[in-house]
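Q: Could you have a look at this structure, given as structure tokens, before my questions?
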Amino acid sequence: MIPDKPQRHTLNQMKDSNLGFSKLEVLTNGAGRGISSTRWAVHHCSRLFQYWKVFSAHALRRSLADVLIRPLEKVRVMVAVPRPASADCSRQSRVDLARNCQASQGGSHRSVYGSGTRYKSIIQLLSARKLRVETVAFIRAVIIYFGLLSLPIGGFLTNNALHADQPPLEPFAFRVVATGLDFPWEMTWGPDGFLWVTERVGKRVTRVRPKDGKKTTALTIDDVYQLDSGQDGVLGMALHPELLKGTGNDYVYLAYTYDADVSANGPNRRVKIRRYTYNAILHTLASPVDLITNLPASDDHNGGRMVLGPDGKLYYTIGDQGGNQFANFCNPIRSQQLPTAAQVKARDWTTYQGKVLRLNLDGSIPKDNPTIAGVVSHIYSYGHRNPQGIVFAPDGTLYACEHGPKTDDEVNLIEAGKNYGWPHIAGDQDDRAYVYGNWSASTGPPCSALTYSTYTIPPSVPQQKESEWSHPDFVPPLKTLYTVDNGYNFQDPSCALDEQYYLCWPTVAPSSLDFYTANENGIPGWENSLLMPTLKRGTLYRLKLSSDRRATVGDAIGYFKTPNRYRDIALSPDKRTLYLCTDSEGVTSGAMGGNTATRNHPGAILEFRYTGLMSGVNVPAK
-9 MIPDKPQRHT LNQMKDSNLG FSKLEVLTNG AGRGISSTRW AVHHCSRLFQ YWKVFSAHAL
51 RRSLADVLIR PLEKVRVMVA VPRPASADCS RQSRVDLARN CQASQGGSHR SVYGSGTRYK
111 SIIQLLSARK LRVETVAFIR AVIIYFGLLS LPIGGFLTNN ALHADQPPLE PFAFRVVATG
171 LDFPWEMTWG PDGFLWVTER VGKRVTRVRP KDGKKTTALT IDDVYQLDSG QDGVLGMALH
231 PELLKGTGND YVYLAYTYDA DVSANGPNRR VKIRRYTYNA ILHTLASPVD LITNLPASDD
291 HNGGRMVLGP DGKLYYTIGD QGGNQFANFC NPIRSQQLPT AAQVKARDWT TYQGKVLRLN
351 LDGSIPKDNP TIAGVVSHIY SYGHRNPQGI VFAPDGTLYA CEHGPKTDDE VNLIEAGKNY
411 GWPHIAGDQD DRAYVYGNWS ASTGPPCSAL TYSTYTIPPS VPQQKESEWS HPDFVPPLKT
471 LYTVDNGYNF QDPSCALDEQ YYLCWPTVAP SSLDFYTANE NGIPGWENSL LMPTLKRGTL
531 YRLKLSSDRR ATVGDAIGYF KTPNRYRDIA LSPDKRTLYL CTDSEGVTSG AMGGNTATRN
591 HPGAILEFRY TGLMSGVNVP AK
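According to the working numbering, the sequence shown is numbered sequentially starting from -9.
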């Protein structure tokens, strides 16, 4: 029935209402086929229908149906039935699962894509739900308003923001560049126009041509030590800024784990940083030179990111080696420990765990490194947990991101000689949902006699609230994702399968960090932003910075949410194209909840190309 006095809602009013439009997410491919990554037709049509009465005349509704329904018949969506989640995580046994598939590296999701999928037109999908034609017409009108079907060439991916009150986000064309990579770790745009990638498990460096995904192996490192269940292998990489510029500095710096004593019982993992020279004719790396060896390494929390700073120094992150948790719960956390002068002289780097290092390009200690506790070493900052992202802004400001325990992933502004609190503080010093229980210091029964629990700390284990610790050099994070109140239920029933509760902990598992500086053709509104890929939620987060770059502005905005584990990000020189590489295995999460070890694009490089603003629809983020 047509209402006597139609309600005169504008589309802007409808957009501001609680319809959940920010969760609409349609991925299209140039062939005209599309993927609905949130199955919006199922979730939102009933809510949209109540706004159908904004159209004041039956004739108008019929006209809209005639004009707008036909295009929907040609638009096809991929429909998939979620498959049961697998308990397998990165090829691990159930015994190893708790040790290595943890919150800092884990996540959960039921697959939206994958085998068993089939394409249907939107009309078929909506008809299957027995929706009225008028409703379909109205949905089409709303979709057009948001630009979801006003496709540029190649299609685009709309983005899923964290909060419904954020404006519609920018359109991106999507393309799979390459597949078959063996756990890509570091990825950077090279001066030759190729993407340079380290493959952690593959033990190699691969150059990938973006236009067609052609892969060329530049180097395979035979002495890499890597286990399937670990977080070791070929890790960080940095390209010399004069690579291929004719100066003779055609250097590439690599970090990887190795066994320092093959005759011992069990591996003696260590990290070395090595310099290679690139042969532009053969497209290979050769002439290795070890810069520093015997750095701490583990099967867990190796950090492993490297960047060459504008000051001509190498910066390398080392995690806390997974101490005080899971299978390593009796190993002490050394993030607060600092070396003595005698240790530095003896090249004993044991206390380098949980640190950001700064090295000369020959591996030596820079003379202007900070003096900490009376000693100058490679240590630039300390008190870190597992920093897997590090990046410089153009003005030399240094940022890093690190995994939190059960809460409080951090984004930090890194300054020389500063202390970032771990393990005494996670996130802000607020006594919320975190207490430091030092298992290695158990009195009475020794730690070896205890059974580890991440939820209950036994009386023999010393405990300390965040407010009970202080340090004059402590620096709080720029941003935490996320902090929860005391009493939060960390054993969410939706992640009870095989007691994988860590998959539902309020962390995103930040895996890398990049800085966005736009040029005249860049993405409007993105200038002065940090870009942070994540593992658990399969999302790229953008954090806007203040004008002085010493604080974040507003909430993090999430892009490209898919059932993938995003490991690293690279930017094209024109700043309009983003590349994300994905883990080959492991659990992740996404829009539908639950958990899965089935990823959408395992071991791949994905391209997201900005296609420009659509007038009247997209508003640049402030």
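Idealized CB from N, CA, C, for every residue including glycine.
Let me know if Y424 comes out buried or exposed under the rule of 16 or more other beta-carbons within 10 Å of its beta-carbon.
A: On the sequence shown, position 434 is the one that residue 424 refers to. Y424 is buried by the Cβ-count criterion.
Q: Kindly give me the distance between the Cβ atoms of A560 and Y569, rounded to whole angstroms, as I take these residues to be in contact under 8 Å.
A: Position 570 of the sequence shown, counted from the start, is the residue given in the question as residue 560. Position 579 of the sequence shown, counted from the start, is the residue given in the question as residue 569. Yes, A560 and Y569 are in contact; Cβ-Cβ is about 4 Å, under 8 Å.
Q: Do R194 and V224 have their beta-carbon atoms positioned less than 8 Å apart in this structure?
A: On the sequence shown, position 234 is the one that residue 224 refers to. On the sequence shown, position 204 is the one that residue 194 refers to. Taking 8 Å as the Cβ cut-off, V224 and R194 qualify as a contacting pair.
Q: Where does H393 land, buried or exposed, given buried means 16+ other C-beta within 10 angstroms?
A: Indexing the sequence shown from 1 puts residue 393 at position 403. Its Cβ being crowded by 16 or more others within 10 Å, H393 is buried.
Q: Is it buried or exposed, V577, if we count other Cβ atoms within 10 angstroms and call 16 or more buried?
A: Mapped onto the sequence shown, residue 577 falls at position 587. So V577 ends up on the buried side.
Q: Residues in the same chain with beta-carbon distance under 6 Å from I323, minus the five sequence neighbours each way, listed in chain order, please.
A: In the sequence shown, residue 323 corresponds to position 333, counting from 1. Within the same chain, I323 has close Cβ partners D310, G313, N314, P413.
Q: For F505, which beta-bridge partners are listed by DSSP?
A: The residue you call residue 505 lines up with position 515 of the sequence shown. As computed with DSSP, F505 is found in a beta bridge with L520.
Q: If I'm right that I447 touches Q453 with Cβ under 8 Å, what's the distance once you round it to whole angstroms?
A: Taking the first residue of the sequence shown as position 1, residue 447 is located at position 457. Taking the first residue of the sequence shown as position 1, residue 453 is located at position 463. So it is a contact: roughly 6 Å between Cβ atoms.
Q: Under 8 Å between the Cβ atoms of S325 and G373?
A: Taking the sequence shown and counting its residues from 1, one reaches residue 325 at position 335. Taking the sequence shown and counting its residues from 1, one reaches residue 373 at position 383. Contact flag set, yes.
Q: Whole angstroms is fine: what's the gap from V543's alpha carbon to A332's?
A: For this step, residue 543 is matched to residue 553 along the sequence shown. For this step, residue 332 is matched to residue 342 along the sequence shown. In a straight line, the C-alpha of V543 is about 44 Å away from that of A332.
Q: Leaving out the 5 sequence neighbours to the left and right, which residues in its chain are closer than 7 Å to P496 when beta-carbon positions are compared?
A: Mapped onto the sequence shown, residue 496 falls at position 506. T397, Y472, V474, listed in sequence order.
Q: Taking just the CA atoms, how far does S579 sit from K526?
A: In the sequence shown, residue 526 corresponds to position 536, counting from 1. In the sequence shown, residue 579 corresponds to position 589, counting from 1. Each residue's alpha carbon lies about 5 Å from the other.
Q: Does the beta-carbon distance from A390 to G379 come in below 8 Å?
A: Walking along the sequence shown from the start, residue 390 turns up at place 400. Walking along the sequence shown from the start, residue 379 turns up at place 389. Contact flag set, yes.
Q: Helix, strand or coil: which one does DSSP assign to T497?
A: As a first step, residue 497 must be located in the sequence shown, where it is residue number 507. In this structure, DSSP gives T497 a state outside helix and strand, which the three-state scheme calls coil.
Q: Could you tell me the distance, in whole angstroms, from the CA atom of T529 to the CA atom of P435?
A: Locating residue 529 in the sequence shown gives position 539, where the first residue counts as 1. Locating residue 435 in the sequence shown gives position 445, where the first residue counts as 1. The alpha-carbon atoms of T529 and P435 are separated by roughly 43 Å.
Q: Could you check whether the segment 437 to 447 touches the segment 339 to 353, counting it as contact only if at least three pairs of C-beta atoms, one from each stretch, sit closer than 8 Å?
A: no
Q: Go through its chain and collect everything with a Cβ distance to S536's Cβ below 7 Å, but skip five positions before and after it.
A: Here residue 536 is taken as the residue at index 546 of the sequence shown, counted from 1. Answer for S536: V543, listed in chain order.
Q: Out of L233, D290, N269, which one is the CA nearest neighbour of L217?
A: Position 227 of the sequence shown, counted from the first residue, corresponds to residue 217. Of the candidates L233, D290, N269, the one whose C-alpha sits nearest the C-alpha of L217 is D290.
Q: Kindly give me the distance between the Cβ atoms of S519 and L503, rounded to whole angstroms, as I take these residues to be in contact under 8 Å.
A: Residue mapping note: residue 519 aligns to position 529 of the sequence shown, counting from 1. Residue mapping note: residue 503 aligns to position 513 of the sequence shown, counting from 1. No, S519 and L503 are not in contact; Cβ-Cβ is about 11 Å, not under 8 Å.
Q: Would you tell me roughly how many angstroms separate the C-alpha atoms of D202 and T188, rounded to the nearest one?
A: Reading the sequence shown from its first residue, position 212 is the one you call residue 202. Reading the sequence shown from its first residue, position 198 is the one you call residue 188. Their backbone Cα atoms lie some 19 Å apart in a straight line.
Q: Between S354 and Y268, what straight-line distance do the alpha-carbon atoms span, to the nearest angstrom?
A: Mapped onto the sequence shown, residue 354 falls at position 364. Mapped onto the sequence shown, residue 268 falls at position 278. Rounded to the nearest angstrom, the two C-alpha atoms are 22 Å apart.
Q: Anyone know if the C-beta pair for A168 and I595 falls short of 8 Å?
A: By one-based count along the sequence shown, residue 168 stands at place 178. By one-based count along the sequence shown, residue 595 stands at place 605. Yes, the Cβ-Cβ distance between A168 and I595 is below 8 Å.
Q: Can you give me the C-alpha to C-alpha distance between L483 and T588, rounded to a whole angstrom?
A: Within the sequence shown, residue 483 is the residue found at index 493, counting from 1. Within the sequence shown, residue 588 is the residue found at index 598, counting from 1. Residue identity check: residue 483 is Pro in the sequence provided, not Leu. Taking the CA atoms as reference points, P483 sits about 20 Å from T588.
Q: So, G293 versus N359, is the Cβ gap smaller than 8 Å?
A: Within the sequence shown, numbered from 1, the residue matching residue 293 stands at position 303. Within the sequence shown, numbered from 1, the residue matching residue 359 stands at position 369. Contact: no.
Q: Using the beta-carbon count (16 or more within 10 Å), is G24 buried or exposed?
A: Residue mapping note: residue 24 aligns to position 34 of the sequence shown, counting from 1. With a pLDDT of only 34 at G24, under 50, the local geometry of the prediction cannot be trusted, and the value read off the model is given with reservation. Buried.
Q: Looking only at its own chain, which residues have a Cβ that is under 7 Å from the Cβ of D172, when we skip the five neighbours before and after it?
A: The sequence position of residue 172 within the sequence shown is 182, counting from 1. E189, V191, G192, S574, G593, listed in sequence order.
Q: Check Y243 in the structure and name its three-state DSSP category.
A: Along the sequence shown, one-based indexing puts residue 243 at 253. Look at Y243 here: in three-state DSSP terms it is strand.
Q: Could you tell me which of R295, A287, R539, K235 sits nearest to D222, measuring between CA atoms?
A: Here the question's residue 222 lines up with position 232 in the sequence shown. Taking only the C-alpha atoms, the option nearest D222 is A287.
Q: Enumerate, from N- to C-terminal direction, the unbroken beta strand (DSSP E) stretches of 3 or more residues contained entirely within the segment 540 to 585.
A: 542 to 549, 556 to 561, 567 to 572
Q: Does the beta-carbon of H273 have 16 or more other beta-carbons within 10 angstroms, so that it is buried, or is it exposed?
A: Counting from one through the sequence shown, the residue named residue 273 turns up at place 283. By the neighbour-count rule (16 or more Cβ atoms within 10 Å), H273 is not buried but exposed.
Q: Of all the alpha helix (DSSP H) runs that stay within the bounds of the segment 388 to 430, which reach a length of 4 or more residues?
A: Taking only runs of at least 4 residues, no alpha helix (DSSP H) segment lies wholly in the segment 388 to 430.
Q: Given a cut-off of 8 Å on the beta-carbon distance, is the pair G180 and R197 in contact?
A: For the purposes of this step, residue 180 is identified with residue 190 of the sequence shown, where counting begins at 1. For the purposes of this step, residue 197 is identified with residue 207 of the sequence shown, where counting begins at 1. In this structure, R197 lies closer than 8 Å to G180 by Cβ.
Q: So, for V381: in the same chain, excluding its five sequence neighbours on each side, which residues have a beta-carbon less than 7 Å away from its beta-carbon?
A: Taking the sequence shown and counting its residues from 1, one reaches residue 381 at position 391. Closer than 7 Å at Cβ, skipping near neighbours: V297, Y389, L503, D504, F505.
Q: In whole angstroms, what is the alpha-carbon distance linking S450 and T433?
A: Residue numbering aside, residue 450 sits at position 460 when the sequence shown is read from its first letter. Residue numbering aside, residue 433 sits at position 443 when the sequence shown is read from its first letter. Rounded to the nearest angstrom, the two C-alpha atoms are 5 Å apart.
Q: Let's test the definition: count the other Cβ atoms within 10 Å of the Cβ of E232 and tell me whether it reaches 16, buried, or not, exposed.
A: For the purposes of this step, residue 232 is taken as the residue at position 242 of the sequence shown. By the neighbour-count definition (other C-beta atoms within 10 Å, threshold 16), E232 is an exposed residue.
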